[in-house]
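S.K.: One structure is given below, represented as structure tokens, and several questions about it will come after.
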Amino acid sequence: MKVYAASIQTETNTFSPVPTSYEMFEETYKTFRGQDLINPNFWGAPMVAFQKLANFYEDTYVEGLCVAAEPAGTVPKKVYENYRDEILQDLKAQLPVDMVLLNLHGAMVAEQYDDCEGDFIAHVRQLVGNDIPIGVELDLHTHLTDKMMQQADLIIAFKLYPHTDVADRAEELYHFTRKIALERLDLQHACYDCQMINLFPTGISPVKEFIDQLIMLEKDDPKIISISFIHGFIWGDVSDLGAKILVYTEKKLDPDGLYAAKIAAKLGDQIYSVREQTRVNLLSVEALIAKLSQTKGGPIVVADFSDNPGLGGMGDATFILHAILDAKIGNVVFATIYDPSVVEEAYLAGLGKTIAISLGGKFGPLSGKPIQANATIKFLNPQLTQTFSELSLPLGKAVAFEINGNMIIVNALRSQIYAPDTITNMQISLSDKHAIIVKSSEHFRAAFASIASEIVRVSTPGVGNMDIKNIPYKNLKRELWPINKI
Ligand SMILES: [Zn+2]
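For the sequence shown, our numbering begins at 1 and goes up steadily by one.
Following this line, the structure appears as structure tokens:
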């Protein structure tokens, strides 16, 4: 068995004014033949799982180019096409292969390509022909399209949000795609449009029970091979936006695909029926300041939801920090503000020095105004990291500043914040703090819950606007709750 695997990933926030540049891909994740690992991170977890199973089965495993970019705005056409063509050229040179595995996101949008993944899978199909199976792993924040489903033999999306099951899904994908290649496993698929869009954290009722049910069905129902609950990605203005249920059954047990369609519709209607319970409640900045002024103790963990780099925020928005400094609230840790130039200024000045900085707010109105302050340099870390799903994720060169009794971590590599060791790795304690502010929407919950006295999430005017009803979609052509459907 010769297995070829490759990866292009990003989650495009089409409302962000900052294009996802070539440099953003180059600094986030890039490997070729598993070598030249820039960052052994979350984006590469499926590749590690593929490699592990290839060793187990003693398959010949050839890994092509793998790239990912921390989310930002629409990808320039040439950037997408160059990466795509580089992989296709390499795959062509490796033919014949027995199966192809693609680790994609599902919500990548480039200029003139609303469906990068559909386009990419179709190009791979053209190259390998109809007899070679193509298995695709997707993030659940995907705009699932007919083209993707038609061109791939099997698509498996993450089941969990926070995404802690990426490697498990990769292993499933490997097993089943291998069965299609070797044992002529024949699949049917059906997709059901849930006609809604929202965030659906899977650790919270009622979505938690729903996911448990999907896992039970996969295990207990002999006809079912795989079920994915596609959540959709709110900040992508494309016609395929929305939550969907994707079911694969075994063809010999479901010859006409009716069973797959029945299960998909049943599950889709079920999750739609509990939609009101999935509404996301976010505090305003004013309500947060009132809360911090009126409470003692902590730490209250506060998510700066709308500037989460994981959904395309630039990570340098200052709305919350301005309000905290203006209200003279102290004993707060801020993790983090992305600002490479301020990091460089701190390194030039040196530890213990107090310098005048103009911090954050550098990517336009959605980032707010820069903070003008005298800041004391308390700690320098040339390679700050954080831990997520047992992976050590880089945050780049970092500095901890003290401003008016608050600690502000400033870093040089854009990333959302997953874990408290971002803060402890800057020699800042956690338990004695009044509040800890993190740039994240949901993923922080997994690791911060155990240290938080309370968790709140705050909406700011960033690119991650959670007022879904008023997001200015231009390409939506069908009814979706809560935008234009009750
Ligand atoms: Zn996701």
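The beta carbon of each residue, even a glycine, is placed where N, CA and C say it ideally should be.
Computed from a prediction, not measured in an experiment: that's the story for all the values here.
Helix, strand or coil: how does DSSP classify ILE329 here?
M.R.: Within the sequence shown, numbered from 1, the residue matching residue 329 stands at position 329. Note: ILE329 maps to coil in three-state DSSP.
S.K.: For the beta strand (DSSP E) that contains ASP193, what are its first and last residues?
M.R.: Locating residue 193 in the sequence shown gives position 193, counting from the first residue. Run containing ASP193: 187-193, per the beta strand (DSSP E) assignment.
S.K.: On a CA-only basis, which of PRO370, ASP304, HIS231 and SER431 is nearest VAL458? Give me that one, please.
M.R.: Here residue 458 refers to the residue found at position 458 when the sequence shown is read from its first residue. Closest option to VAL458, Cα to Cα, is ASP304.
S.K.: Considering only heavy atoms of ligand 1 and the C-beta of each residue, which residues fall inside 5 Å, strictly closer?
M.R.: Residues with a Cβ closer than 5 Å to any heavy atom of ligand 1, in chain order: ASP139 and HIS141.
S.K.: I'd like the span of the alpha helix (DSSP H) that includes PRO133, first residue to last.
M.R.: Translated into positions along the sequence shown, residue 133 becomes position 133. Careful: PRO133 lies outside any alpha helix (DSSP H) and carries neither H nor E.
S.K.: Are the segment 261-281 and the segment 51-62 in contact at 8 Å, needing three or more beta carbon pairs?
M.R.: Contact fails: fewer than three Cβ-Cβ distances are below 8 Å.
S.K.: If you count every other CB in all the chains shown that lies within 10 Å of the CB of GLN9, and 16 or more means buried, which is it?
M.R.: Walking along the sequence shown from the start, residue 9 turns up at place 9. With 16 or more Cβ atoms within 10 Å of its Cβ, GLN9 is classed as buried.
S.K.: Would you kindly report the start and end of the unbroken beta strand (DSSP E) that includes GLN383?
M.R.: Sequence index remark: in the sequence shown, residue 383 carries index 383 (1-based). Per DSSP, GLN383 belongs to the beta strand (DSSP E) from 371-388.
S.K.: Compute the Euclidean distance between the alpha carbons of LYS477 and SER239, then round it to the nearest angstrom.
M.R.: Taking the first residue of the sequence shown as position 1, residue 477 is located at position 477. Taking the first residue of the sequence shown as position 1, residue 239 is located at position 239. Approximately 6 Å, taken between the alpha carbons.
S.K.: Buried or exposed for ASN425, going by 16 or more other Cβ atoms inside 10 Å?
M.R.: Numbered from 1 along the sequence shown, position 425 holds the residue referred to as residue 425. ASN425 comes out buried.
S.K.: Which same chain residues end up closer than 6 Å to CYS116 when comparing Cβ atoms and leaving out the 5 residues on each side of it in sequence?
M.R.: Position 116 of the sequence shown holds residue 116. Within the same chain, CYS116 has close Cβ partners TYR80, MET108 and ALA110.
S.K.: Could you check where the beta strand (DSSP E) with TYR29 kicks off and where it finishes?
M.R.: Within the sequence shown, residue 29 is the residue found at index 29, counting from 1. Per DSSP, TYR29 belongs to the beta strand (DSSP E) from 29-32.
S.K.: How far does the beta strand (DSSP E) with SER358 in it reach, from first residue to last?
M.R.: For the purposes of this step, residue 358 is taken as residue 358 along the sequence shown, with counting starting at 1. Counting along the chain, the beta strand (DSSP E) containing SER358 begins and ends at 354-359.
S.K.: Rounding to the nearest angstrom, what Cα-Cα distance links VAL410 and VAL207 in this structure?
M.R.: Within the sequence shown, the letter at position 410 stands for residue 410. Within the sequence shown, the letter at position 207 stands for residue 207. Distance between the alpha carbons of VAL410 and VAL207 is about 35 Å.
S.K.: Which first and last residues belong to the beta strand (DSSP E) in which ASN406 is found?
M.R.: The residue you call residue 406 lines up with position 406 of the sequence shown. It spans 406-411 - the beta strand (DSSP E) in which ASN406 sits, taken as one unbroken run.
S.K.: Going straight from the alpha carbon of SER16 to that of VAL463, what length do you get?
M.R.: Locating residue 16 in the sequence shown gives position 16, counting from the first residue. Locating residue 463 in the sequence shown gives position 463, counting from the first residue. So the alpha carbons of these two residues sit roughly 6 Å apart.
S.K.: Determine the contact status of GLY489 and PRO19, defining contact as a CB-CB distance below 8 Å.
M.R.: Nothing in the structure corresponds to residue 489, since the chain is present only between 1 and 486.
S.K.: What are the boundary residues of the alpha helix (DSSP H) that includes ASP269?
M.R.: Position 269 of the sequence shown, counting from 1, holds the residue named residue 269. Where ASP269 is concerned, the enclosing alpha helix (DSSP H) stretches over 258-273.
S.K.: Check whether the Cβ atoms of ALA190 and ALA261 lie closer than 8 Å to each other.
M.R.: As a working note, residue 190 is residue 190 in the sequence shown. As a working note, residue 261 is residue 261 in the sequence shown. A contact, by the Cβ cut-off of 8 Å.
S.K.: Would DSSP call PHE109 helix, strand or coil?
M.R.: Residue numbering aside, residue 109 sits at position 109 when the sequence shown is read from its first letter. In the sequence on display, residue 109 carries Val and not Phe. Here VAL109 sits in coil by DSSP.
S.K.: VAL302 and LEU288 look like a contact to me (Cβ under 8 Å); what is the Cβ gap, rounded to whole Å?
M.R.: Sequence index remark: in the sequence shown, residue 302 carries index 302 (1-based). Sequence index remark: in the sequence shown, residue 288 carries index 288 (1-based). Yes, VAL302 and LEU288 are in contact; Cβ-Cβ is about 6 Å, under 8 Å.
S.K.: Inspect the CB distances between the segment 350-370 and the segment 420-438 and report whether three or more fall short of 8 Å.
M.R.: Short answer: they don't touch.
S.K.: Quick check on DSSP: helix, strand or coil for ARG478?
M.R.: What you label residue 478 is simply residue 478 of the sequence shown in a count that begins at 1. Coil at ARG478, not helix or strand.
S.K.: Could you tell me if GLN126 is buried or exposed, where buried requires 16 or more neighbouring beta carbons within 10 angstroms of its beta carbon?
M.R.: Position 126 of the sequence shown holds residue 126. Classification of GLN126: exposed, given that the 10 Å Cβ count is below 16.
S.K.: Using DSSP with H/G/I as helix, E/B as strand and the rest coil, what is ASP98?
M.R.: By 1-based counting over the sequence shown, the position of residue 98 is 98. Coil at ASP98, not helix or strand.
S.K.: What residues match up with LYS2 in a beta bridge as DSSP calls it?
M.R.: Translated into the one-based positions of the sequence shown, residue 2 becomes position 2. Paired residues: THR60.
S.K.: Mind checking LEU395: buried by the 16 CB within 10 Å criterion, or exposed?
M.R.: Here residue 395 corresponds to residue number 395 of the sequence shown, with the count starting at 1. Per the 10 Å Cβ criterion, buried.
S.K.: Would you check if the segment 383-392 and the segment 352-367 touch, i.e. whether three or more CB-CB distances between them fall below 8 Å?
M.R.: At 8 Å Cβ cutoff, the stretches do not touch.
S.K.: Since I believe ILE121 is in contact with GLN151 (beta carbons under 8 Å), could you give me their beta-carbon distance rounded to a whole number of angstroms?
M.R.: On the sequence shown, residue 151 is found 151 positions in, with the first residue counted as 1. On the sequence shown, residue 121 is found 121 positions in, with the first residue counted as 1. Indeed, because the Cβ distance is near 4 Å, the residues count as touching under 8 Å.
S.K.: Between the alpha carbons of ASN374 and GLY405, how many angstroms are there, rounded?
M.R.: Taking the sequence shown and counting its residues from 1, the one referred to as residue 374 is at position 374. Taking the sequence shown and counting its residues from 1, the one referred to as residue 405 is at position 405. Spanning the two alpha carbons is a distance of roughly 12 Å.
S.K.: I'd like to know if the segment 58-69 and the segment 141-150 are in contact, where contact means that at least 3 CB-CB pairs between them fall below 8 Å.
M.R.: Counting Cβ pairs under 8 Å, fewer than three are found: no touch.
S.K.: Looking at C-alpha atoms only, which residue of LYS328, ASP237 and SER21 is the closest neighbour of PRO76?
M.R.: The count along the sequence shown starts at 1 and reaches residue 76 at position 76. Answer by Cα proximity: SER21.
S.K.: Just to confirm the assignment, what range does the beta strand (DSSP E) spanning LEU246 have?
M.R.: By 1-based counting over the sequence shown, the position of residue 246 is 246. From DSSP, the beta strand (DSSP E) with LEU246 extends over 244-250.
S.K.: Taking the Cβ atom as the reference point for each residue, do GLY312 and PRO461 lie within a distance shorter than 8 Å?
M.R.: Mapped onto the sequence shown, residue 312 falls at position 312. Mapped onto the sequence shown, residue 461 falls at position 461. Contact flag unset, no.
S.K.: What are the boundary residues of the alpha helix (DSSP H) that includes GLU218?
M.R.: Here the question's residue 218 lines up with position 218 in the sequence shown. Its alpha helix (DSSP H) spans residues 207-220.
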